[in-house]
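Heads up: take any position in the sequence shown, counting from 1, add 480, and you land on my numbering.
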Amino acid sequence: MSLLGRDFLSVTDVTAEEVRMLFEAAQRFKRRAPNERERACLLGNSVALLFEKPSLRTRVTFELAVAQLGGYPVVLTQSEIGLGQREAVKDVARNLDRWVNAIVARVYAHQTLEELAEWAQAPVINALSDLEHPCQALADLFTLWELWGELKGRRLTFIGDGFNMAHSLMLLCALLGVHCTVATPKGYEPKPTIMRKAQRLAEQTGARITLTNDPVAAVRDAEAIYTDVWTSMGQEAEAEKRRRDFAGFQVNTELLRHAPQGVVVMHCLPAHRGEEITDEVLDAPFCLAWEQAENRLHVQKALLAGLVGGVLS
């Protein structure tokens, strides 16, 4: 079982067994106790970090991960390379393939990632697209794995837009046997193709994947409640309409009164305080947002160690 040279565009590009291997490696990195092979596994390797979208957590954690593993990160913004505008995506991919050992890309359209992967021999890692956010989902489930231990049979509820974050959470929960409920306003449900894929995985693992338009019902048996912004980058023109449509889907103390005692709250950040989540909840000790942010670094180190360093097996 080796991850070396593989692309990571979706959480379903790895198996449940490989996820556990990544979690165990991430925990070693977090405890500053990597094994001898992992410690400088990117020595002599360069990794291109492509950003069509602005970033704080993704850029900092990937840049640090590459450098701390002994590699050289090359950060490229859209204004510098004009991906798909100044130069065709396939040409960018073929150029980078001659220079670097991996490509990490944060893009608007998932198709851009697929094209990069088609034309580059080097591994391509999805650092966010309009379809999935797999690195974040891995960090999120790693956070819960650290908290709970065994994940199978646990219950996570997502409240908000059935967009990229919800997609990756549904799929990864299904893969790991975690029951996942997604509560959205009508018209904002996850893509049917993603739902069908999650249901197929869930049938194999015993997970339940549920969609609802009722946030109160969704949290009644939740052990973790997850939310994300109502308006993602590229959707700014819809912001006012979305604020109206998502009224009643805010994660606040009133909603949490309907959840079980001991529930934790999660947010991938950045947060629009006062919209999808209140200050009181985001700053509460039971909110894991900051632990999730830290864990991006450790999980991405594990990913790079496997896909580029070839030291996980």
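Don't be surprised by glycine CBs; every beta carbon is placed ideally from N, CA and C.
All figures in this text were calculated on a predicted structure; none of them were measured in a lab.
Decide if residue i is buried, meaning its Cβ has at least 16 other Cβ atoms within 10 Å, or exposed.
{"i": "Val569", "result": "buried"}
{"i": "Asp795", "result": "It is not possible to answer for residue 795, since the shown part of the chain is limited to 481 through 793."}
{"i": "Ser793", "result": "exposed"}
{"i": "Gln780", "result": "buried"}
{"i": "Thr637", "result": "buried"}
{"i": "Leu810", "result": "The structure shown does not extend to residue 810, since the chain is modelled only from 481 to 793, so the question has no answer here."}
{"i": "Arg566", "result": "exposed"}
{"i": "Asp487", "result": "buried"}
{"i": "Glu612", "result": "buried"}
{"i": "Val540", "result": "exposed"}
Kindly examine the ligand PLP and report whether one of its heavy atoms sits closer than 8 Å to the Cβ of residue i.
{"i": "Glu683", "result": "Although the ligand PLP was asked about, the structure shown includes no ligands whatsoever."}
What do you reckon, are the CB atoms on residue i and residue j nearer than 9 Å?
{"i": "Val761", "j": "Asn732", "result": "yes"}
{"i": "Leu474", "j": "Leu621", "result": "With the chain running from 481 to 793 in the structure shown, residue 474 is simply not present."}
{"i": "Thr592", "j": "Ala585", "result": "yes"}
{"i": "Ala663", "j": "Asp701", "result": "no"}
{"i": "Ser482", "j": "Gly790", "result": "yes"}
{"i": "Ala704", "j": "Leu652", "result": "no"}
{"i": "Pro670", "j": "Val491", "result": "no"}
{"i": "His738", "j": "Val696", "result": "yes"}
{"i": "Phe766", "j": "Val745", "result": "yes"}
{"i": "Asp641", "j": "Phe726", "result": "yes"}
{"i": "Gly524", "j": "Pro603", "result": "no"}
{"i": "Gly686", "j": "Gly657", "result": "yes"}
{"i": "Met645", "j": "Ala617", "result": "yes"}
{"i": "Glu497", "j": "Tyr588", "result": "no"}
{"i": "Cys660", "j": "Arg680", "result": "no"}
{"i": "Ala719", "j": "Thr711", "result": "yes"}
{"i": "Arg776", "j": "Ala619", "result": "yes"}
{"i": "Ile427", "j": "Leu735", "result": "Residue 427 is absent from the model: the chain starts at 481 and stops at 793."}
{"i": "Val572", "j": "Tyr552", "result": "no"}
{"i": "Ala764", "j": "Phe503", "result": "no"}
{"i": "Met624", "j": "Arg634", "result": "One detail in the question is off: residue 624 reads as Leu in this sequence, not Met. Yes, these two residues count as a Cβ contact at 9 Å."}
In three-state DSSP terms, what is residue i?
{"i": "His615", "result": "Note on residue identity: the sequence assigns Cys, not His, to residue 615. In the structure shown, Cys615 sits in a helix (DSSP, three-state: H, G or I)."}
{"i": "Cys521", "result": "coil"}
{"i": "Cys858", "result": "Residue 858 is absent from the structure shown; the chain starts at 481 and stops at 793."}
{"i": "Leu563", "result": "strand"}
{"i": "Asn802", "result": "No information on residue 802 is available, as it lies outside the stretch 481 to 793 that the chain covers here."}
{"i": "Ala697", "result": "helix"}
{"i": "Thr623", "result": "helix"}
{"i": "Pro672", "result": "helix"}
{"i": "Thr690", "result": "strand"}
{"i": "Thr758", "result": "coil"}
{"i": "His778", "result": "helix"}
{"i": "Val791", "result": "coil"}
Please check the pair residue i and residue j, which I expect to be a contact at CB under 8 Å, by giving their CB distance rounded to whole angstroms.
{"i": "Leu784", "j": "Val546", "result": "7 Å"}
{"i": "Glu522", "j": "Leu556", "result": "Checking the sequence shown, residue 522 turns out to be Leu, not Glu. Not confirmed; about 18 Å, so no contact."}
{"i": "Asn606", "j": "Leu489", "result": "5 Å"}
{"i": "His778", "j": "Ala506", "result": "4 Å"}
{"i": "Asp577", "j": "Gln558", "result": "Their Cβ separation, rounded to whole angstroms, is 19 Å, which puts Asp577 and Gln558 out of contact at 8 Å."}
List, from N- to C-terminal side, the alpha helix (DSSP H) runs of 4 residues or more that fit wholly inside the segment 694-743. Counting only runs of 4 or more, we get 695-699, 719-725 and 733-736.
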